[in-house]
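Numbering (this note's numbering), first residue to last: 316 to 407. For every residue, glycine included, the Cβ atom is placed at its ideal position computed from N, Cα and C.
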């Protein structure tokens, strides 16, 4: 499985909520972005994918954000589908 980790050098504030895990509501600055299965040679279209949309750099995959939530002891990884709002620059 290909996995690309990208540091975030500009301030990016996100808020949202994850479903089905222990994270729930989150808010904070993104310090890294992770793209999983971005290599078009090693990543294949999911069987349940509708249409020809791709994600990541060049292939199928999932995008995650490492968020420094001020209400938590450590950063948390969240999927992009959980992000409900974002702001570049001063966030919270």
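Burial check for residue 335: the Cβ neighbour count within 10 Å stays below 16, so the residue is exposed.
Only exposed fits residue 386, as fewer than 16 other CB atoms lie within 10 angstroms of its CB. Residue 381 sits close to residue 346, with the two beta carbons spaced by under 8 Å.
Beyond the five residues adjoining it in sequence on each side, residue 404 comes within less than 6 Å, by CB distance, of 326 in the same chain, given in chain order.
When DSSP states are grouped into helix, strand and coil, residue 394 belongs to the strand group.
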